[in-house]
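J.:
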Amino acid sequence: MTIPPNQPPSPPSGGVPPQPPHGGGAQPSQPLNPADEKLWATLIHVGGIFFNFIPALIGYLVLKDRGPFVRAHSATALNFQLTLLIAEVVGWLTSWLIIGLFIVAAAYVLRIVFSIIAALKANKGEWYTYPLSIKFVS
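Here this note's numbering = 1-based position in the sequence shown + 77.
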(Lines of atoms letter the chains of each structure in order from A and count residues from 1; the text may use other names and numbers.)
(Lines give C-alpha, C1' and ligand atoms only; values in the text may rest on other atoms or scores of the structure.)
Protein backbone atom coordinates (compact mmCIF):
# COMPACT_ATOMS: atom_id res chain seq x y z
CA MET A 1 0.00 0.00 0.00
CA THR A 2 1.35 3.44 -0.87
CA ILE A 3 0.65 6.65 0.97
CA PRO A 4 -0.53 9.49 -1.21
CA PRO A 5 1.75 12.56 -1.12
CA ASN A 6 1.04 15.33 1.42
CA GLN A 7 -0.81 13.00 3.79
CA PRO A 8 0.69 11.84 7.09
CA PRO A 9 0.75 8.10 7.71
CA SER A 10 -2.08 6.77 9.86
CA PRO A 11 -1.19 6.22 13.52
CA PRO A 12 -0.50 2.65 14.63
CA SER A 13 -2.74 0.59 16.91
CA GLY A 14 -6.14 1.32 15.47
CA GLY A 15 -5.97 5.06 14.90
CA VAL A 16 -4.84 6.16 18.38
CA PRO A 17 -1.77 8.44 18.26
CA PRO A 18 1.15 7.47 20.52
CA GLN A 19 1.31 9.18 23.92
CA PRO A 20 4.36 11.17 25.06
CA PRO A 21 6.44 9.56 27.80
CA HIS A 22 5.44 10.28 31.38
CA GLY A 23 7.44 12.31 33.86
CA GLY A 24 9.13 14.96 31.75
CA GLY A 25 6.33 17.39 31.01
CA ALA A 26 7.86 20.60 32.35
CA GLN A 27 10.52 22.21 30.23
CA PRO A 28 13.34 24.08 31.98
CA SER A 29 12.86 27.82 31.63
CA GLN A 30 15.06 29.66 29.18
CA PRO A 31 17.18 32.52 30.54
CA LEU A 32 16.10 36.02 29.58
CA ASN A 33 18.34 38.25 27.54
CA PRO A 34 19.70 41.33 29.40
CA ALA A 35 17.20 43.72 27.81
CA ASP A 36 14.26 41.58 28.91
CA GLU A 37 15.70 41.22 32.41
CA LYS A 38 15.94 45.01 32.69
CA LEU A 39 12.39 45.41 31.37
CA TRP A 40 10.86 42.93 33.81
CA ALA A 41 12.83 44.31 36.74
CA THR A 42 11.63 47.82 35.91
CA LEU A 43 8.02 46.68 35.58
CA ILE A 44 8.16 44.86 38.91
CA HIS A 45 9.35 48.02 40.69
CA VAL A 46 6.77 50.26 38.98
CA GLY A 47 4.03 47.72 39.61
CA GLY A 48 4.71 47.96 43.33
CA ILE A 49 3.56 51.58 43.30
CA PHE A 50 0.12 50.63 42.03
CA PHE A 51 -0.45 47.07 43.27
CA ASN A 52 1.62 46.80 46.47
CA PHE A 53 3.49 43.47 46.80
CA ILE A 54 1.55 41.50 44.12
CA PRO A 55 3.79 42.30 41.08
CA ALA A 56 6.93 41.58 43.09
CA LEU A 57 5.52 38.27 44.32
CA ILE A 58 4.42 37.18 40.85
CA GLY A 59 7.70 38.35 39.34
CA TYR A 60 9.70 36.49 41.96
CA LEU A 61 7.76 33.24 41.56
CA VAL A 62 7.72 33.30 37.75
CA LEU A 63 11.04 34.93 36.84
CA LYS A 64 13.44 33.95 39.64
CA ASP A 65 15.04 31.21 37.54
CA ARG A 66 15.27 33.28 34.36
CA GLY A 67 18.34 35.35 35.24
CA PRO A 68 20.34 36.72 38.17
CA PHE A 69 19.45 40.36 37.52
CA VAL A 70 15.68 39.88 37.47
CA ARG A 71 15.90 37.51 40.44
CA ALA A 72 17.79 40.04 42.56
CA HIS A 73 15.46 42.89 41.64
CA SER A 74 12.28 40.88 42.17
CA ALA A 75 13.56 39.60 45.54
CA THR A 76 14.57 43.05 46.75
CA ALA A 77 11.26 44.53 45.55
CA LEU A 78 9.32 41.79 47.32
CA ASN A 79 11.26 42.35 50.54
CA PHE A 80 10.62 46.09 50.41
CA GLN A 81 6.92 45.76 49.57
CA LEU A 82 6.37 43.24 52.38
CA THR A 83 8.18 45.55 54.81
CA LEU A 84 5.91 48.41 53.79
CA LEU A 85 2.86 46.16 54.08
CA ILE A 86 3.82 45.45 57.69
CA ALA A 87 4.29 49.18 58.31
CA GLU A 88 0.87 49.92 56.79
CA VAL A 89 -0.85 47.28 58.92
CA VAL A 90 0.79 48.70 62.04
CA GLY A 91 -0.22 52.19 60.91
CA TRP A 92 -3.85 51.22 60.33
CA LEU A 93 -4.02 49.34 63.64
CA THR A 94 -2.72 52.42 65.44
CA SER A 95 -4.74 54.87 63.40
CA TRP A 96 -6.94 55.61 66.36
CA LEU A 97 -3.81 57.31 67.62
CA ILE A 98 -2.68 60.17 65.44
CA ILE A 99 0.73 58.54 64.87
CA GLY A 100 -0.82 55.69 62.90
CA LEU A 101 -1.98 58.01 60.15
CA PHE A 102 1.54 59.42 59.86
CA ILE A 103 2.95 55.90 59.58
CA VAL A 104 0.56 55.04 56.75
CA ALA A 105 1.31 58.31 54.94
CA ALA A 106 5.05 57.77 55.32
CA ALA A 107 4.75 54.22 53.95
CA TYR A 108 2.93 55.49 50.85
CA VAL A 109 5.51 58.20 50.23
CA LEU A 110 8.39 55.75 50.72
CA ARG A 111 6.77 53.27 48.34
CA ILE A 112 6.47 55.84 45.57
CA VAL A 113 9.90 57.43 45.99
CA PHE A 114 11.99 54.29 46.43
CA SER A 115 10.10 52.32 43.77
CA ILE A 116 10.81 55.05 41.22
CA ILE A 117 14.49 55.11 42.20
CA ALA A 118 14.67 51.32 41.93
CA ALA A 119 12.90 51.30 38.55
CA LEU A 120 15.34 53.86 37.18
CA LYS A 121 18.30 51.82 38.43
CA ALA A 122 16.85 48.62 36.97
CA ASN A 123 16.24 50.32 33.63
CA LYS A 124 19.91 51.38 33.54
CA GLY A 125 20.97 47.81 34.32
CA GLU A 126 22.29 48.68 37.77
CA TRP A 127 21.84 46.60 40.91
CA TYR A 128 19.75 48.20 43.66
CA THR A 129 18.86 47.39 47.25
CA TYR A 130 16.05 49.22 49.01
CA PRO A 131 16.95 50.88 52.30
CA LEU A 132 14.93 50.08 55.41
CA SER A 133 13.70 46.69 54.20
CA ILE A 134 13.54 43.39 56.06
CA LYS A 135 15.06 40.49 54.13
CA PHE A 136 12.35 37.82 53.76
CA VAL A 137 13.52 36.23 50.48
CA SER A 138 16.87 36.24 48.72
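Note that beta-carbon positions come from the ideal geometry of N, C-alpha and C, so glycine has one too.
Since we're looking at a predicted model, the values are computed, not measured.
By the 10 Å Cβ neighbour count, where 16 or more other Cβ atoms means buried, how is residue 111 classified, buried or exposed?
T.: On the sequence shown, residue 111 is found 34 positions in, with the first residue counted as 1. By the neighbour-count rule (16 or more Cβ atoms within 10 Å), residue 111 is not buried but exposed.
J.: Which residues in the same chain as residue 168 place their Cβ atom closer than 6 Å to its Cβ, once the five residues preceding and following it in sequence are excluded?
T.: On the sequence shown, position 91 is the one that residue 168 refers to. Result list for residue 168: 177, 180, 181, in chain order.
J.: Excluding the 5 residues flanking residue 136 on each side, which residues of the same chain have their C-beta closer than 6 Å to its C-beta?
T.: If you number the sequence shown from 1, residue 136 lands on position 59. So the list reads 121, 151, once near-sequence residues are dropped.
J.: With respect to the alpha helix (DSSP H) encompassing residue 143, which residues constitute its N-terminal and C-terminal limits?
T.: For the purposes of this step, residue 143 is identified with residue 66 of the sequence shown, where counting begins at 1. No alpha helix (DSSP H) contains residue 143, which DSSP labels as neither H nor E.
J.: Our contact map puts residue 126 next to residue 189 with C-beta atoms below 8 Å; I'd like the distance itself, whole angstroms only.
T.: The sequence position of residue 126 within the sequence shown is 49, counting from 1. The sequence position of residue 189 within the sequence shown is 112, counting from 1. Rounded, the Cβ-Cβ distance is 6 Å, consistent with contact.
J.: Do residue 184 and residue 164 have their CB atoms nearer than 8 Å?
T.: Against the sequence shown, residue 184 aligns to sequence position 107. Against the sequence shown, residue 164 aligns to sequence position 87. When the beta-carbon positions are compared, residue 184 and residue 164 come within less than 8 Å of each other.
J.: Suppose contacts are defined by Cβ-Cβ distances below 8 Å. Is residue 210 in contact with residue 129 by that definition?
T.: Within the sequence shown, numbered from 1, the residue matching residue 210 stands at position 133. Within the sequence shown, numbered from 1, the residue matching residue 129 stands at position 52. No.
J.: Tell me which residues share the same chain as residue 159 and place their Cβ nearer than 6 Å to its Cβ, disregarding the 5 neighbours each side in the sequence.
T.: In the sequence shown, residue 159 corresponds to position 82, counting from 1. Cβ neighbours of residue 159 within its own chain (closer than 6 Å, five residues either side excluded): 130, 213.
J.: Over the uninterrupted alpha helix (DSSP H) stretch that includes residue 187, give me the two end residues.
T.: To locate residue 187, count along the sequence shown from 1; it is residue 110. Residue 187 -> alpha helix (DSSP H) spans 175-201.
J.: Going by other Cβ atoms of all chains shown within 10 Å of its Cβ, with 16 needed for buried, is residue 115 buried or exposed?
T.: Your numbering for residue 115 matches position 38 in the sequence shown. Residue 115 is buried by the Cβ-count criterion.
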